[in-house]
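Here the structure is laid out as structure tokens; the discussion comes afterwards.
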Amino acid sequence: MKCPQPNRCSLHLEVIGTVILNDYVRGIEICTMSLSSQQNQCMHVRFIKIKGKKSKHKIHVQANCFEVGVSEYVFVTMKTVPDYCGIKISKEYHVEDCNNKDVGKSILPCLTGKLQYEINEEKKNIIVSVSNIPEEYDYNVRLCLKRFSCHDTGAHALIKKDNSTKSVILEYSEILPCLCIEGWPLFPDSRRVRICPFQNDFDNLWDHIIYNPITQDLAWKSACPIDATVNLCMMKDEKCQTIPDSTNVKQNQALYNQVDTHPKLCMKFTTEKGSWVRCPFESGVFPAWGMKTIYRDEMIQIKIMSSVEAKFSVCICNRTQHTSCDNQRHASVYVGNSGFGTLNLTKDICNPNICVLGLRVDVNYSLPVQICDIPCNMHQKKKKSLLKSKARHLTKNEFHQRKCKKKGLSKSKRRCLTETGIQRFVLRYYGVG
Numbered sequence: 001m002k003c004p005q006p007n008r009c010s011l012h013l014e015v016i017g018t019v020i021l022n023d024y025v026r027g028i029e030i031c032t033m034s035l036s037s038q039q040n041q042c043m044h045v046r047f048i049k050i051k052g053k054k055s056k057h058k059i060h061v062q063a064n065c066f067e068v069g070v071s072e073y074v075f076v077t078m079k080t081v082p083d084y085c086g087i088k089i090s091k092e093y094h095v096e097d098c099n100n101k102d103v104g105k106s107i108l109p110c111l112t113g114k115l116q117y118e119i120n121e122e123k124k125n126i127i128v129s130v131s132n133i134p135e136e137y138d139y140n141v142r143l144c145l146k147r148f149s150c151h152d153t154g155a156h157a158l159i160k161k162d163n164s165t166k167s168v169i170l171e172y173s174e175i176l177p178c179l180c181i182e183g184w185p186l187f188p189d190s191r192r193v194r195i196c197p198f199q200n201d202f203d204n205l206w207d208h209i210i211y212n213p214i215t216q217d218l219a220w221k222s223a224c225p226i227d228a229t230v231n232l233c234m235m236k237d238e239k240c241q242t243i244p245d246s247t248n249v250k251q252n253q254a255l256y257n258q259v260d261t262h263p264k265l266c267m268k269f270t271t272e273k274g275s276w277v278r279c280p281f282e283s284g285v286f287p288a289w290g291m292k293t294i295y296r297d298e299m300i301q302i303k304i305m306s307s308v309e310a311k312f313s314v315c316i317c318n319r320t321q322h323t324s325c326d327n328q329r330h331a332s333v334y335v336g337n338s339g340f341g342t343l344n345l346t347k348d349i350c351n352p353n354i355c356v357l358g359l360r361v362d363v364n365y366s367l368p369v370q371i372c373d374i375p376c377n378m379h380q381k382k383k384k385s386l387l388k389s390k391a392r393h394l395t396k397n398e399f400h401q402r403k404c405k406k407k408g409l410s411k412s413k414r415r416c417l418t419e420t421g422i423q424r425f426v427l428r429y430y431g432v433g
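Here UniProt numbering is used: the first residue of the sequence shown is 1, the next is one more, and so on.
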């Protein structure tokens with residue numbers, strides 16, 4: 001290492017060899033070749049024959065004039081002049097990198113500076129301060145997404161050499177584990193220093209979900225490189241149950257074709273750091289379908305409503321074994337431009353353990369809609385509806401009289417209630433509801 005001034009040193013390769021002289025050897029040739037730049041450097045050493053010296057004595061050769069770069073691979077050869085029987089020595093040498101203590105503090109390309117930061121999540125910016133940099137050079141600072149290389153996000157600043165604070169403010173759009181701060185001095189071949197303050201924050205990584213309502217494709221693409229197993233799942237009782245045959249293990253992305261937009265259809269992401277669940281349809285802004293029961297002519301009508309053209313399967317299931325439906329009582333329902341389709345069923349489905357299960361069958365991934373506890377007591381339903389109507393027409397005075405008469409309350413303890421309260425009391429008064 002040669003240092004004309006502090007922090008301005010250069011690296012040189014020292015080559016040491018031994019030659020046994022004879023009457024044919026006149027000197028040696030030492031050459032180095034950088035494997036990265038393919039640059040060659042050669043030095044010739046000529047031996048002067050001294051009278052009285054016997055041949056075949058040893059001569060030690062030392063040369064340190066070969067300048068090399070940091071962390072270079074150098075190929076070194078030494079051979080006789082003239083070339084004696086093709087004899088030569090070859091060796092490969094790896095020059096120390098900037099992690100070496102002496103090299104790191106003495107060679108200009110190794111002086112990357114030290115970065116410190118302060119995050120303001122409310123304003124979504126990062127205050128970056130720089131120290132230990134060459135004073136005569138400007139300094140670059142930027143935010144980037146670390147993939148194979150670090151891709152610029154657009155947040156960039158230049159710290160001028162006469163800037164006394166040596167700090168800048170960089171804005172970011174979202175917190176990602178691969179969002180990094182990168183800095184480097186403004187001179188040729190300078191190295192870069194990089195720190196990633198959010199490397200353990202994975203939450204926003206799973207929000208990049210896109211649904212195409214035309215093709216019905218559900219896609220996720222990661223903004224950062226990550227190995228994740230992706231599954232579709234159904235949210236139930238705050239747990240997401242994996243849908244069979246929905247595992248996707250492609251790196252950084254997942255794609256599901258023909259997906260039904262059910263509010264409880266979710267995506268589950270699993271990595272070595274943990275698991276996360278995202279439900280892209282829970283907001284209700286996507287087109288969906290629904291199913292309900294209607295009482296008509298001593299029959300129970302199943303009505304399916306859909307905002308898009310679709311095909312459905314309806315079957316009768318046992319509540320305790322809802323995964324296995326009765327194949328004998330299975331029907332198809334088509335919903336076209338009218339926006340609904342119907343299916344008539346007999347009253348024998350009115351059983352506490354019997355459910356009606358509907359499923360969309362013209363897509364690859366769909367969740368069922370299930371209706372249980374189907375009330376078939378039409379008389380009770382009509383009576384309850386009639387009493388609700390009657391309650392709406394009661395005056396508050398009539399209501400108080402009936403309530404107080406039933407409970408034996410004095411006038412001083414009577415209170416004014418809302419219409420809803422009146423209706424509830426009337427239903428209880430007549431033994432309904």
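All C-beta atoms in this analysis are idealised placements derived from N, C-alpha and C, irrespective of residue type, glycine included.
Does DSSP put residue i in a helix, in a strand, or in coil?
i    : result
N318 : strand
L35  : coil
N40  : strand
D217 : strand
N204 : helix
K79  : strand
I349 : helix
V308 : coil
R329 : strand
Q301 : strand
E29  : strand
A157 : strand
V45  : strand
S222 : coil
E135 : coil
Y211 : strand
N231 : strand
V335 : strand
T342 : strand
L394 : Low confidence applies here, because L394 scores a pLDDT of 43, under 50, leaving its location unreliable and the question unanswered by this model.
N22  : coil
L87  : The residue asked about is misnamed: residue 87 is Ile in this sequence, not Leu. I87 falls in the coil class under three-state DSSP.
S313 : strand
N364 : coil
V249 : coil
T165 : coil
Measure the beta-carbon distance from residue i to residue j and round it to whole angstroms, keeping in mind my assumption that it falls under 8 Å.
i    : j    : result
S307 : G339 : 7 Å
L186 : L143 : With 8 Å as the limit, L186 and L143 do not qualify as a contact, their Cβ atoms being about 18 Å apart.
T112 : W220 : In fact, because the Cβ distance is near 36 Å, the residues do not count as touching under 8 Å.
V61  : V81  : 12 Å between Cβ atoms; not a contact.
S164 : C9   : Contact flag wrong, Cβ pair sits at about 28 Å.
I300 : L345 : 5 Å
V369 : S313 : Rounded, the Cβ-Cβ distance is 11 Å, inconsistent with contact.
V335 : V259 : At roughly 18 Å, the Cβ-Cβ gap does not stay under 8 Å, so V335 and V259 are not in contact.
I133 : I181 : Not quite, the Cβ-Cβ distance comes to about 14 Å (not below 8 Å), so this is no contact.
F66  : L13  : 4 Å
Where DSSP assigns a beta bridge to residue i, which residues make up the other side?
i           : result
H151        : L145
M239        : First, the residue type needs correcting, since residue 239 is Lys and not Met in the sequence shown. Paired residue(s): K236.
E171        : N125
F187        : According to DSSP, F187 bridges with nothing at all.
residue 445 : Here the chain has residues from 1 to 433 only, and residue 445 is not among them.
V61         : G17
I181        : L143, I195
C372        : C355
S10         : K2
Does any residue of chain B bring its CB to less than 9 Å from the CB of residue i?
i    : result
N337 : No chain B appears in this structure, which consists of one protein chain only.
Just to confirm the assignment: which complete beta strand (DSSP E) runs, minimum length 3, are found wholly within the segment 98-127?
114-120
Sufficient close CB pairs (3 or more, under 8 Å) joining the segment 84-96 to the segment 125-139:
no
Only counting runs of 3 or more residues, tell me where the beta strand (DSSP E) segments fall wholly within the segment 253-291, in order along the chain.
253-256, 265-271, 274-278
Count Cβ pairs between the segment 11-31 and the segment 108-128 that sit closer than 8 Å; are there 3 or more?
no
For the pair the segment 247-254 and the segment 220-232, tell me if three or more CB-CB distances fall below 8 Å.
yes
Pair every Cβ in the segment 160-175 with every Cβ in the segment 184-204, then say whether three or more of these pairs are closer than 8 Å.
yes
If contact is defined by three or more beta carbon pairs under 8 Å, each pair taking one atom from either stretch, is the segment 34-52 in contact with the segment 72-87?
yes
If we count Cβ pairs, one from each stretch, closer than 8 Å, do we get three or more for the segment 97-104 versus the segment 39-49?
no
Is the segment 21-33 in contact with the segment 56-63, if contact means three or more CB pairs nearer than 8 Å?
yes
So, do the segment 367-378 and the segment 343-350 have three or more beta carbon pairs nearer to each other than 8 Å?
yes
Spell out a yes or no on whether the segment 261-268 and the segment 227-239 are touching, meaning 3 or more CB-CB pairs, one atom from each, closer than 8 Å.
yes
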